[in-house]
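Undergrad: For the record, in the sequence shown the residue sitting at position 116 is 116 according to the numbering used here, with numbers rising by one throughout. Sharing a structure, written as structure tokens. Questions coming.
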Amino acid sequence: MYLLQKNKGVIRVKDIARVLRVKPPSVVDALKKLAEKGLIEYEKYDRILLTEEGRKIAEETYSKHLLLTEFFTNVLGIPPDIAEEDACQFEHYVHDITIQRIKEFISYIQENCPYVLKQFLKKVMEESEDSRKVGKVSNEHQG
1 MYLLQKNKGV IRVKDIARVL RVKPPSVVDA LKKLAEKGLI EYEKYDRILL TEEGRKIAEE
61 TYSKHLLLTE FFTNVLGIPP DIAEEDACQF EHYVHDITIQ RIKEFISYIQ ENCPYVLKQF
121 LKKVMEESED SRKVGKVSNE HQG
């Protein structure tokens, strides 16, 4: 919702349903709960607005998402599509202290151990390519 409001200026049920790949009634149920918690302003068939508290939480969550995505892709060598999916899950549950440590770790390793990071990523990529080759060969033998 935060990105929809940021990019489009307004949030509509159909936009949320499209992005989340769910039916509009599912969105409406969730919106009612968010409105009860004071995180959004929502009237049926009208636009949806994040309240100040809702915006604050959304910005914090999005910041976590970006950091986790960076960590998964640039430090662990996770493919971007998987990193994005995992970040969407982790961002809601990871503690602020954990986020801070990840941030510090990324900074530390990039500044003090860039060679180690490059070597690790190279190794991960080589192993990933090897496993794809093995999978391709075993699939060819099965077919």
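Even glycine gets a Cβ: it sits at the ideal position worked out from N, Cα and C.
Does the structure place the stretch 105 to 120 close enough to the stretch 80 to 89 that three or more beta carbon pairs sit under 8 Å?
TA: Result no; under three Cβ-Cβ pairs closer than 8 Å.
Undergrad: In whole angstroms, what separates the C-alpha of glutamate 91 from that of phenylalanine 72?
TA: Their Cα atoms are separated by approximately 12 Å.
Undergrad: By DSSP, does tyrosine 42 sit in helix, in strand, or in coil?
TA: Residue state, collapsed to three classes: strand.
Undergrad: My output table needs one value for isoleucine 16: the three-state DSSP class, helix, strand or coil.
TA: DSSP places isoleucine 16 in helix when its eight states are reduced to three.
Undergrad: Express the C-alpha separation of glutamate 126 and asparagine 7 in angstroms, rounding to a whole number.
TA: Taking the straight line from one Cα to the other gives about 38 Å.
Undergrad: Going by DSSP, which residues form a beta bridge with leucine 68?
TA: Leucine 68 pairs with nothing; no bridge assigned.
Undergrad: Within the continuous alpha helix (DSSP H) that includes leucine 34, where are the two ends?
TA: Segment 24 to 36, the alpha helix (DSSP H) holding leucine 34.
Undergrad: Considering only the beta carbon of each residue, do threonine 51 and leucine 39 sit closer than 8 Å?
TA: Yes, the pair counts as a contact, with Cβ atoms nearer than the cut-off.
Undergrad: Quick one, are the C-beta atoms of glutamate 60 and leucine 49 less than 8 Å apart?
TA: No, Cβ-Cβ distance for glutamate 60 and leucine 49 is not below 8 Å.
Undergrad: Answer yes or no: do isoleucine 11 and lysine 64 have a C-beta to C-beta separation smaller than 8 Å?
TA: For isoleucine 11 and lysine 64, no; Cβs fall outside 8 Å.
Undergrad: To which residues of the same chain is alanine 58 closer than 7 Å at the C-beta, ignoring the five residues directly before and after it?
TA: Result list for alanine 58: Met1, Tyr2 and Leu50, in chain order.
Undergrad: Quick check on the DSSP output: the alpha helix (DSSP H) that includes leucine 4 runs from which residue to which?
TA: Where leucine 4 is concerned, the enclosing alpha helix (DSSP H) stretches over 2 to 8.
Undergrad: Beta strand (DSSP E) containing isoleucine 48: first to last residue?
TA: Note, isoleucine 48: beta strand (DSSP E), 48 to 50.
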